[in-house]
Amino acid sequence: MNEFLDALTLARWQFGLTTLYHFIFVPLTIGLSLLVAILQTVWVRTGKVKYLKLTRLFGKIFLINFAMGVVTGIVQEFQFGMNWSDYSRFVGDIFGAPLAMEGLIAFFFEATFIGLWIFGWEKLPKKLHLMSIWFVWIGTVLSAYFILAANAFMQNPVGYTLNAERGRAELDNIGDVLLNPVAVTQFPHTIFASIMFAGVVLVAVAAWHLQRNQFVDEMRTALRFGAWANILAFVGVGLTGHSLGLVMTETQPMKMAAAEAHYATSSGADASFSIFSLGTPDGLHEIFSVRIPYLLSFLSTGTFDGTVEGINDLQAAYTEMYCGDASSALTCPTDGSFTPIIWVTYWAFRWMIGLGAFAALVSAVGLWITRKNTDLPKWVWKVAIWTAPIPMLASLVGWIFTEMGRQPWIVFGVMTTERGVSPGVPGWAVLVSLIVFTIVYGALAVVEFKLIVKAAKAGPPELEKDETGEPDQQSLATVY
1 MNEFLDALTL
11 ARWQFGLTTL
21 YHFIFVPLTI
31 GLSLLVAILQ
41 TVWVRTGKVK
51 YLKLTRLFGK
61 IFLINFAMGV
71 VTGIVQEFQF
81 GMNWSDYSRF
91 VGDIFGAPLA
101 MEGLIAFFFE
111 ATFIGLWIFG
121 WEKLPKKLHL
131 MSIWFVWIGT
141 VLSAYFILAA
151 NAFMQNPVGY
161 TLNAERGRAE
171 LDNIGDVLLN
181 PVAVTQFPHT
191 IFASIMFAGV
201 VLVAVAAWHL
211 QRNQFVDEMR
221 TALRFGAWAN
231 ILAFVGVGLT
241 GHSLGLVMTE
251 TQPMKMAAAE
261 AHYATSSGAD
271 ASFSIFSLGT
281 PDGLHEIFSV
291 RIPYLLSFLS
301 TGTFDGTVEG
311 INDLQAAYTE
321 MYCGDASSAL
331 TCPTDGSFTP
341 IIWVTYWAFR
351 WMIGLGAFAA
361 LVSAVGLWIT
371 RKNTDLPKWV
381 WKVAIWTAPI
391 PMLASLVGWI
401 FTEMGRQPWI
411 VFGVMTTERG
421 VSPGVPGWAV
431 LVSLIVFTIV
441 YGALAVVEFK
451 LIVKAAKAGP
461 PELEKDETGE
471 PDQQSLATVY
């Protein structure tokens, strides 16, 4: 019973679940804002009504998703004071700075131009109105960057000094925090992953209508546009992922070692990457694996003969570094282990890559088979529809890998996770809030899904025509 009501375990579960739930909406907001801006730009430049219809359809889906993301994001930040007060007190001076910038700069910038975009259809000149949706996208990526900068401090703490008298970390250089190498490399990786998710949403909506032979011209355009966005973004994910891997190996070598269950330090051909591996329950011995020589060395160091440190050597080094004296209360785990859960990091890393590659493959096949017509068997459209959540799942397991691979640290090398939990909050209180959040978030998820599905199935609305036969701008405002 005491283990069931352990405040640390419950706080970690609550933060993990609410974070992953919130992140369902974030990539779709980032990706859709860009794709909607592109669709509207094409309409302004070409005057083709089908692009206006697609802008209205996917713009509505974007707005529904944005509203839900705002709600879940606000609740997400409450937990720093609720369950992680020691962490907030210790590093709040640094961690809070980029979060404040996100709220005071990026979010208000984004919200202002969303309002102009929603209500400015019949009031703003066409090009000025178009500019507003591009500013919305700029606001979303700025918001993403500030949040990633805050997270990057947890992965690679920079720009701070430890104040021994006050017992806390204090901001020393905001430029170092904002230009953290982890944030700089993680940012484009996240943006490209978001575009992948938005691209397959376009594909899924288009496939649903094409299966029923509805809005064929518009939906064929949406399908091919979404598929190309997904494929090109996947290339970007791969390239930026490699750069992120190099930075991760430099700043958090244990995470890369855990991702490969790499226990012994090796280099060259011995530093091989296992596509699939089976091992003993303790993870210490390999039973069977399919390996690619040199690949782990390349992924970790950028060269085929680079040395990749193993878990055993890193564990010994960290024990000496962080558990060596009486001042190590914040940095030495109770169990003395600096190794994350191996099976979680190992498989999350592979599911992240595999799911993303599968989504891109489906899009590539879809582009090929729809290059001439869309008269295809129903099962083809069903595959396209059910591919929609795949990039989202890839992003979620990617974040599981990022955060679980950092353990046992809440701030790498500075504070362990167990030291950051609120000391005065009992386990039963965390359990109650976890149950309440789960119920509320579950209800919100049902509402969100139904609203998006309803908007998607309705398709692009027919536009009223003015006396010249052109789409009536004033009819646009009624959609929102």
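Numbering (UniProt numbering), first residue to last: 1 to 480.
We treat Cβ as the ideally placed atom computed from N, Cα and C, and that holds for glycine.
1) Is residue 169 helix, strand or coil by DSSP?
2) Hey, could you find the ends of the beta strand (DSSP E) residue 339 is sitting in?
3) Can you list, in chain order, the residues of its chain whose CB lies under 8 Å from that of residue 6, leaving out five sequence neighbours each side?
4) Going by DSSP, what residue range makes up the beta strand (DSSP E) through residue 409?
5) Can you look up residue 297 in the DSSP assignment and give me helix, strand or coil?
6) Let me know the secondary structure DSSP gives residue 267 once reduced to three states.
7) Would residue 434 pass as a contact of residue 10 if the rule is Cβ separation under 9 Å?
8) When DSSP builds the beta bridges, which residues end up paired with residue 291?
9) Ignoring anything shorter than 3 residues or poking outside the stretch 402–466, list the beta strand (DSSP E) runs there in chain order.
10) Near residue 336, what residues of its chain come up, given a Cβ to Cβ distance below 7 Å and the 5 sequence neighbours on each side ignored?
11) Which residue's Cα is closest to the Cα of residue 390: 228, 83, 293, 198?
12) Using a Cβ-Cβ cut-off of 7 Å (strictly less than) and excluding sequence neighbours within five positions of residue 106, which residues of its own chain qualify?
13) Per DSSP, which one or two residues make a beta bridge with residue 210?
14) Where do the N-terminal and C-terminal ends of the alpha helix (DSSP H) with residue 128 fall, by residue?
15) Give me the Cβ distance between residue 396 and residue 20, rounded to the nearest whole Å; I'm assuming they're in contact under 8 Å.
16) How about the stretch 157–167 and the stretch 202–218: do they share at least three Cβ pairs that are nearer than 8 Å?
17) Quick check on DSSP: helix, strand or coil for residue 163?
18) Using C-beta distances below 8 Å, list every residue in its chain close to residue 417, excluding the 5 sequence neighbours before and after it, in chain order.
19) Whole angstroms is fine: what's the gap from residue 17's alpha carbon to residue 125's?
20) DSSP three-state call for residue 158: helix, strand or coil?
21) Using DSSP's beta-bridge definition, name the partner residues of residue 334.
22) Expressed to the nearest angstrom, what Euclidean distance is found between the alpha-carbon atoms of residue 248 and residue 180?
23) Nearest by alpha-carbon distance to residue 233: which of 136, 347, 363, 316 is it?
24) For the stretch 48–62 against the stretch 94–101, do three or more pairs of beta-carbon atoms, one drawn from each stretch, fall closer than 8 Å, so that the two count as touching?
25) Going by the CB atoms, is the gap between residue 63 and residue 118 shorter than 9 Å?
26) Restricting to Cα atoms, I'd like to know which of 370, 191, 184 is closest to residue 227.
27) With residue 37 and residue 137 assumed to form a contact (beta carbons below 8 Å), what rounded beta-carbon distance in angstroms separates them?
28) Nearest by alpha-carbon distance to residue 31: which of 134, 122, 343 is it?
29) Assign residue 307 to one of three DSSP states: helix, strand, or coil.
Reading off the structure:
1) Residue state for residue 169 is assigned as strand, using DSSP reduced to three classes.
2) Where residue 339 is concerned, there is no enclosing beta strand (DSSP E), given that its DSSP letter is neither H nor E.
3) The answer, listed in chain order, is 427.
4) Taken as a continuous stretch (DSSP letters only), the beta strand (DSSP E) holding residue 409 covers 409–411.
5) Residue 297: helix per DSSP, three-state reduction.
6) For residue 267, the secondary structure class from DSSP, reduced to helix, strand or coil, is strand.
7) Yes, they are a contact pair.
8) Listed as beta-bridge partners of residue 291 by DSSP are 274.
9) Look at the stretch 402–466 and you find these whole runs of beta strand (DSSP E), each 3 residues long or longer: 409–411.
10) Excluding positions up to five away in sequence, the list reads 319, 323.
11) Out of 228, 83, 293, 198, 198 has the C-alpha closest to the C-alpha of residue 390.
12) Within the same chain, residue 106 has close Cβ partners 139, 142, 143, 146.
13) None; residue 210 has no bridge partner.
14) Following the DSSP letters along the chain, one finds residue 128 inside the alpha helix (DSSP H) bounded by residues 126–155.
15) Residue 396 to residue 20, Cβ: 5 Å. Contact.
16) Result no; under three Cβ-Cβ pairs closer than 8 Å.
17) DSSP places residue 163 in strand when its eight states are reduced to three.
18) Here the set comprises 8, 12, 407, 408, 409, 410.
19) For residue 17 and residue 125, the gap between their C-alpha atoms comes out near 44 Å.
20) For residue 158, the secondary structure class from DSSP, reduced to helix, strand or coil, is coil.
21) According to DSSP, residue 334 shares a beta bridge with no other residue.
22) For the pair residue 248 and residue 180, the Cα-to-Cα distance works out to about 12 Å.
23) For residue 233, the closest of 136, 347, 363, 316 by C-alpha to C-alpha distance is 363.
24) The stretch 48–62 vs the stretch 94–101: no contact.
25) Cβ distance < 9 Å, so residue 118 and residue 63 count as in contact.
26) For the set 370, 191, 184, the Cα lying nearest the Cα of residue 227 is the one of 370.
27) With 8 Å as the limit, residue 37 and residue 137 qualify as a contact, their Cβ atoms being about 5 Å apart.
28) Nearest option by C-alpha distance: 134.
29) Correct three-state label for residue 307: strand.
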